[in-house]
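See below for the structure under consideration.
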Ligand SMILES: Cc1ncc(C[n+]2csc(CCOP(=O)(O)OP(=O)(O)O)c2C)c(N)n1
Ligand SMILES: [Mg+2]
C-alpha cells in the first residue's frame, strides 16, 4: 500500500479513536480497551478492503463484517459514521434510550450491522453460514469476522473452527471467509494467560486445518498485506492472528484489565484524546486553538463534567 | 440498611458461608468481578475456579463437582448461564446434581448494555425443568438468607440476582422460608405479586393507589418455583384481581406461573406486567418508565385493570 494511503488510514484510525473515547464518555459505560485494540483492523477493512456502500447497506454483493466480540461495537460505530452510514453527531447517542446505537450490535435498529452479537462465541458461526450462503448464491462477497481472544474460550468457537475448513467442500469451499483474532491478551476478569491461556494459538488453528497469518494488528501495512494474502488463498478460509494492545494509544488504558469495561470520566477522556492525538500537555492549548473540531469535542466533554 | 444489589449481598454471604462450610466452591466464566464471587476467590483461592468464557463447561464442571460431594455455585449473567439451557437440563437437572446456579444481571434494569446481556427469559426456561427451584430475593436481608438456604437445599436450585441496588423491603425479623410467599402490605381490592428488583416499586405503587382509594395487597413471591399456592390463592380469593410484576418476559415467568395456578384452582382475572418483546439499551430509570415497571407505571396499570 502506498505511503499516502497508509497515512490516510492512520489519520482515520486516529479520528475513530477520538470518537470511541468521546462516545463512551457520553454514554458513561462501555468497553474502551477492546474497542481501541480492534480499531486499526476495522479501519483497514472499512477504508481499504471491503466492498461496501453506506447508501446501500443491503446491497447483496457487499462484503460483510461480523464483529463477534460485540461489546466493542463503539469501534464499529466510529468507522461506520466515518464511512457515512449515519452522521457522526449521532455517535453520542450511544447506549441512550431509543438510539439505534445499542450497547451491543442490533441489525434491525441500525442498518449496516450484519448480525446481533454480544453473547460471545456466536458471531463466528454466523459468519461461516453467511460465507457458505454467499458461495451457494454465487456471489463475489467476502466475509470478515473478528473474534476476541477471551472469546475463543467458548466451545462454539472450536466447533466452528473445526468445521469451517471442511464446510461446503469440494464445490463451495469457504475461501471467502477470513477470521481475525484480536489478540490483545486481556479479557474481563484478568489477563488471558491467567484465566485460561490460549497458547499455542498458531499451532491450534493450523491443526484444525487453517492457513494462519500472524501480524502486528496495529501496523496498517501488515494488516493490509495479510488481507491480500488471505484473499489469495483458495480452497480454505484464512485465520489471521493480530497481536494487539488492549487500550492502544491511551497510556493508562494500555494492557490494563481495569479498562476492559468502564467508561472514562470527562477529564480522563480529555487526557486520552490528547494522547491519541500525540500532543504534549504543554502544546495542548495551542493545538486546540488550531484544531476547532477537537476543541469542540473537548468542550462538550467538559460540559458533561458539570452535569 | 442502605440499598444494596442482590449480587453484592450474595458475594458477601458466600464469603461468610465459605468459612463455615468447606464443601462450598465457586465456578465462574470470566465474570467473577460482576457476579461478585471475586471476594470468595480471594479468600479461598483453592476453592474458586474461573474457567474462562465457557459457560457450558462451567455448568458441567459444577455438575461433576457436585457429584463428587462439593456444593458448587456456578455463576454468570442470567442470560448466559441459562442460555446453556440444554446443558443445565441434562447435566444438572436430569443428573440430579446438587448445583447452585446463580444468574446475575437479571432484567432490563441492567440498562445500557442492552438486550444481549439482559436475563429476560431465564425464569421461563428453568420453570420447565422438573427439579430446579427458582428464588429471586428482593433485598440484602432476603438475599443473604436465600444464599444460606441454597447451601442447605438438597439439590439444584436457581438464584436470580440483580446488578442494581435494591432498597430494603423485608421487615427486621424476616425469616426466608423455602416455598413461602410473604405479605408485605395487606389489602383487599387487588393483589400485587412481585419479587426481586421491581418489588420496592410495587410498594410505592401501593402507596399511590391508597391515595386513589385502592387497597392493594403486596406479596413478595421470592420463591417463584415452587409457588406458595395456598397464600396466593387465598389472596386472589379475597381481592378477586391479581397483578404480577416482574423484570422478565411476561411469558413464562412469575405471571405465567400465577396464571397457570389460578386458571386451574381459582379462575381470577390476572394482569401480567413485565417485558414484552426484546429489551434495549437505556438508562435503567428511563427503561423502567418506558416498560411500566416504575411506581407510576405499576399504579397506572393497576388502575386501568380495575377500570378506575
Ligand atoms: C457468552 C458471554 N459470556 C460472557 C460475556 C461477558 N463478557 C463481555 S466482554 C467479556 C470479555 C471478552 O474478552 P475478549 O474476548 O478478550 O474481548 P476484548 O479483550 O477484545 O475486549 C466478557 C466475559 C459475554 N458478553 N458473553
Ligand atoms: Mg481480549
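Chains as they are written, first to last, in the working numbering: chain E, 1 to 307; chain W, 1 to 308.
Positions of the beta carbon are idealized from the N, C-alpha and C atoms, including for glycine.
- Counting every other CB atom within 10 Å of its CB across the protein chains shown gives residue 108 of chain E a total below 16, marking it as exposed.
- If you ignore the 5 residues before and after residue 235 of chain W, its C-beta comes within less than 7 Å of the C-beta of 191, 217 and 219, all in its own chain and listed in chain order.
- Nearest CB-CB separation between residue 69 of chain E and chain W: not below the 8 Å threshold.
- Taking 8 Å as the cut-off, the beta carbon of residue 21 of chain E is found closer than this to the beta carbon of residue 264 of chain E.
- Rounded to the nearest angstrom, the gap between the Cα atoms of residue 228 of chain E and residue 63 of chain E is 15 Å.
- When Cβ-Cβ separations below 8 Å define contact, residue 42 of chain W makes no contact with chain E.
- For residue 100 of chain W, the beta-bridge partners assigned by DSSP are W:73 and W:157.
- For residue 57 of chain W, a Cβ of chain E is located within less than 8 Å of the residue's own Cβ.
- Secondary structure note for residue 64 of chain E: its beta strand (DSSP E) is the uninterrupted segment 64 to 67.
- Separation of residue 94 of chain E and residue 104 of chain E (C-alpha to C-alpha, rounded to the nearest whole angstrom) is 10 Å.
- Contacts with chain W at 8 Å (Cβ-Cβ) include residue 119 of chain E.
- For residue 216 of chain E, the CB stays at least 7 Å from every heavy atom of ligand 2.
- Residue-level contact check: residue 29 of chain E touches chain W, since one or more beta carbons of chain W fall below 8 Å from its beta carbon.
- Closest by C-alpha distance to residue 103 of chain W, out of W:90, W:112 and W:85, is W:85.
- Assigned with DSSP and collapsed to three states, residue 178 of chain W falls in coil, not helix or strand.
- Only residues of its own chain outside the window of five on either side were considered, and among them 215, 217, 238 and 239 have a CB closer than 8 Å to the CB of residue 188 of chain W, listed in chain order.
- Residue burial annotation: residue 11 of chain E is exposed, with fewer than 16 other C-beta atoms found within 10 angstroms of its C-beta.
- Only residues of its own chain outside the window of five on either side were considered, and among them 87 and 91 have a CB closer than 7 Å to the CB of residue 60 of chain W, listed in chain order.
- Of all residues in the stretch 206 to 238 of chain E, none has a C-beta nearer than 8 Å to a C-beta of chain W.
- Against chain W, a Cβ distance below 7 Å from residue 37 of chain E picks out nothing, because the smallest value is about 16 Å.
- Look at residue 148 of chain E: its beta carbon is less than 7 Å from one of the heavy atoms in ligand 1.
- Per DSSP, reduced to three states, the secondary structure at residue 17 of chain E is helical.
- Restricting attention to alpha helix (DSSP H) runs no shorter than 4 residues, the stretch 103 to 187 of chain E encloses them at 123 to 136 and 155 to 163, ordered along the chain.
- Per the Cβ contact rule, the stretch 48 to 66 of chain W is in contact with the stretch 19 to 30 of chain W (3 or more Cβ pairs under 8 Å).
- If the five residues before and after residue 73 of chain W are omitted, its C-beta is found closer than 6 Å to the C-beta atoms of 26, 100 and 102, all from its own chain and listed in chain order.
- Cβ atoms of residue 77 of chain E and residue 101 of chain E come within 8 Å of each other, at about 6 Å.
- At least one beta carbon of chain E lies nearer than 8 Å to the beta carbon of residue 80 of chain W.
- In the structure shown, residue 217 of chain W falls within a strand segment according to DSSP collapsed to helix, strand and coil.
- Proximity to residue 154 of chain W across W:66, W:5, W:303 and W:295 peaks at W:66, based on C-alpha coordinates.
- Straight through space, the alpha carbons of residue 140 of chain E and residue 24 of chain W are spaced by roughly 55 Å.
- Of all residues in the stretch 266 to 281 of chain W, those with a C-beta nearer than 9 Å to a C-beta of chain E are 278, 280 and 281, reading in chain order.
- Between ligand 2 and residue 186 of chain E, a heavy atom-to-CB distance of less than 7 Å is present.
- In this structure, the C-beta of residue 261 of chain E stays at least 7 Å away from each heavy atom of ligand 2.
- Residue state for residue 48 of chain W is assigned as strand, using DSSP reduced to three classes.
- Around the beta carbon of residue 176 of chain E, a 10 Å sphere encloses 16 or more other beta carbons of the protein chains shown; the residue is thus reported as buried.
- Taking 8 Å as the cut-off, the Cβ atoms of residue 254 of chain E and residue 245 of chain E count as close.
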